[in-house]
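What follows is a single structure, written as C-alpha cells, with notes after it.
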Amino acid sequence: MKRSLLIKPMMNDMYPTATHGDGIYLYDDTGKRYIDGSSGAVTASIGHRVPEIIEAMHEQAKKISFVYRSQFTSEPAEKLARKLNELVDANQDYWSFFVNSGSEATETAMKIAIQHWQEQGDFRKHKILSRWVSYHGITLGALSMSGHVKRRERFVPLLEDFPSVSPPYCYRCPFKQIYPDCQLFCANELETAITRIGAEHIAAFIAEPIIGAAGGVIVPPKGYYQQLLDICERNNILFIADEVMTGIGRTGKMLGMDHWGIKPDIIALGKGMSAGYTAIAASLASEKVMKPILLGSGSIMSGHTYSANPQSAAVALAVLEYIETNRLVEKVEESGVYLLQKLQELKNRVDIIGDVRGKGLMIGVEFVADHKTKQPFSAKADITSKVVEKARDKGLLIYPASAGNEGVNGDAVIISPPFVITKPEMDQLVDIFKETLLEVQ
Ligand code: PLP
3 MKRSLLIKPM MNDMYPTATH GDGIYLYDDT GKRYIDGSSG AVTASIGHRV
53 PEIIEAMHEQ AKKISFVYRS QFTSEPAEKL ARKLNELVDA NQDYWSFFVN
103 SGSEATETAM KIAIQHWQEQ GDFRKHKILS RWVSYHGITL GALSMSGHVK
153 RRERFVPLLE DFPSVSPPYC YRCPFKQIYP DCQLFCANEL ETAITRIGAE
203 HIAAFIAEPI IGAAGGVIVP PKGYYQQLLD ICERNNILFI ADEVMTGIGR
253 TGKMLGMDHW GIKPDIIALG KGMSAGYTAI AASLASEKVM KPILLGSGSI
303 MSGHTYSANP QSAAVALAVL EYIETNRLVE KVEESGVYLL QKLQELKNRV
353 DIIGDVRGKG LMIGVEFVAD HKTKQPFSAK ADITSKVVEK ARDKGLLIYP
403 ASAGNEGVNG DAVIISPPFV ITKPEMDQLV DIFKETLLEV Q
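Residue numbers 3 to 443, in the numbering used here, belong to the letters of the sequence shown in order.
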C-alpha cells in the first residue's frame, strides 16, 4: 500500500477513512458506525446528509459558484447578510463581512476594531485584550489573541501578548475565590489590565461567551459579562464576542451572549453557520462600529478570494433557514437540559469525572485524578487522548479540550452532538461514554 501523503494531526495514528454520514452518524470504509457526539469540531450542527442543504448546493451550482467580491455582489450573499442580521439582532443593523474560517472571522474582527478607531483619527488604539484559557484561531493574529499555551508555544516570537486576564473558571478559580463572595474578581482584572496597558492603546476586548476548545466548556457566572461590558464602555474599548463555537444555536440560544442579554460591538461566527456543509464564516459589525468606517474610507481593509462567494453563501443560507424552519434552537435548549442531567448523573458513578458543565448541546466534562482535591491528571498521563481514542473504538466521537496549561486547567472533553439528536440516541451516547470512562480510569 502506498504511504499517505496527507498531513494529519497525529501522523502515527491510524485514522479511519470516513465514507458517508447520515443524521448523527458517520460511517467508515469498514462499515463501522460512529455517533458524531461532538459534531466533528462542534460544527456539524444539523447532522449529516440533510437533503434540503444538498438541494440548495445543487441549485446554486447550476447557476454560478464563484464571483469575485470586488466585481459583483450576489443574491445569496446579500440574503445571507440580511438573514444573519435578522437572527442576531432584529432591533439594530449588523453588517456582515464573509470569510472562510473562524480564525479569519476573529482576525477580521480585530482589524475592524482597529480600523474603527483609525477612521476617527485615533491610530494609537491597536491592542486587543483577551483572556488566558481561550481559543480564537490558528492564524497569527487570531493566535495572538488566544490564551492556548499548546497552540502558541512554537510561535511565541511572532505573537503579540494579547492574553492579559484570567478566565472565569469557577471550578478552579485562578484567585482561589468562591462566587459570589469573589465579587467577580476575574472580571475586574480587566480593569487592572487596562490601567496597566493604557486604554488609549486598546482597540477591543475579545471573549468566547462560553470557553470551548481551550477549557472544555467554561460557563461564566451571572453578572460577569455585564461587568466586563461596563468596563469596556467606561474605557472606550469595543467588545468582540467570539461566537465561532457558541453561535447559531449551539447553546440553546441563537448567540451565546444572548444568555446574558449582551449585544457585542463585533461578532465572529463560523462552524455552525454552515454546519460543516461548506467553508464559510463571518465577522459582523454593529452600526456603531461601521459608522466611522462608512463615513471615512468607506469599507473594511480586508478580504479573501473566496469572501462572499455565492456557492458558500447559498449553502449557509440554506442551513440557517433549516435551523429556523425546524425550530432547532428550541430543540437544543430542551435536549441540552436532558443531556446535561444525564452526564451529571455520571459524576457519582465515575471517579475520574470532576465537573460536568455547559449550556444547550455544548457540554464539557473535566477529568480529575482525585475527586476530593480536584487534582488534575499530569500532562504525561494524557487522559484526554485515552478517553477520546477509547470512545472512538466504541463508536462514539468526542472532542478533546485541553490547552496544555498545566496547573491552570485540567483535561476535558466536549460533548456536542448535532441538534437533531433524539432522547434514545442521547441515552446511547451516555452509555458508551460511561463504559469508556470506566475502562480508562
Ligand atoms: N474561535 C473559536 C471560539 C473556536 O472554537 C475556533 C475553532 O475551534 C476558532 C475561533 C477558529 O476557527 P477555525 O478552526 O474555523 O479557524
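A virtual CB, placed ideally from N, CA and C, is assigned to each residue, including glycine. Nothing here was measured: the structure is a model prediction, and the numbers come from that model.
Item	Value
What's the call for aspartate 31, buried or exposed, on a 16-neighbour Cβ count within 10 Å?	exposed
For the beta strand (DSSP E) containing serine 72, list its first residue and its last residue.	Neither: serine 72 is in no beta strand (DSSP E) and is coded neither H nor E.
Give the single residue among Glu210, Val221 and Ala206 whose Cα lies nearest to the Cα of cysteine 444.	This structure cannot speak to residue 444, because the chain is shown only from 3 to 443.
Report whether the distance from the Cβ of valine 415 to the nearest heavy atom of the ligand PLP is below 7 Å.	no
Since arginine 394 contacts valine 334 with CB under 8 Å, what's their CB separation in whole angstroms?	No, arginine 394 and valine 334 are not in contact; Cβ-Cβ is about 24 Å, not under 8 Å.
Within 7 Å: the Cβ of serine 103 and any heavy atom of the ligand PLP?	yes
For the ligand PLP, any of its heavy atoms closer than 7 Å to the Cβ of aspartate 24?	no
To the nearest angstrom, how far is it from the Cα of threonine 75 to the Cα of alanine 315?	11 Å
So what does DSSP say about glutamate 323, is it helix, strand or coil?	helix
Taking Cβ positions, are arginine 133 and glycine 143 nearer each other than 8 Å?	no
Label alanine 383 either buried or exposed according to how many other C-beta atoms from any shown protein chain fall within 10 Å of its C-beta, with 16 as the threshold for buried.	exposed
Does DSSP classify glutamate 245 as helix, strand or coil?	coil
Helix or strand or just coil, what does DSSP make of aspartate 91?	coil
Kindly examine the ligand PLP and report whether one of its heavy atoms sits closer than 7 Å to the Cβ of glutamate 210.	yes
Going by DSSP in three states, glutamine 122 sits in which element: helix, strand or coil?	coil
Which residue spans inside the segment 345 to 403 form an unbroken beta strand (DSSP E) run of at least 3?	355 to 361, 364 to 369 and 401 to 403
What span of residues does the beta strand (DSSP E) with leucine 160 cover, start to end?	That residue, leucine 160, is in no beta strand (DSSP E); it is neither H nor E in DSSP.
Excluding the 5 residues preceding and the 5 following isoleucine 140 in the sequence, name in chain order all residues of the same chain whose CB lies nearer than 6 Å to its CB.	Ser105
Taking the CB atoms as reference points, tell me whether phenylalanine 421 and serine 47 lie closer together than 8 Å.	yes
Tell me whether glutamate 191 is buried or exposed, calling it buried when 16 or more other Cβ atoms sit within 10 Å of its Cβ.	buried
Report back the beta-carbon spacing between valine 246 and glycine 272 to the nearest angstrom; my notes put them in contact at under 8 Å.	4 Å
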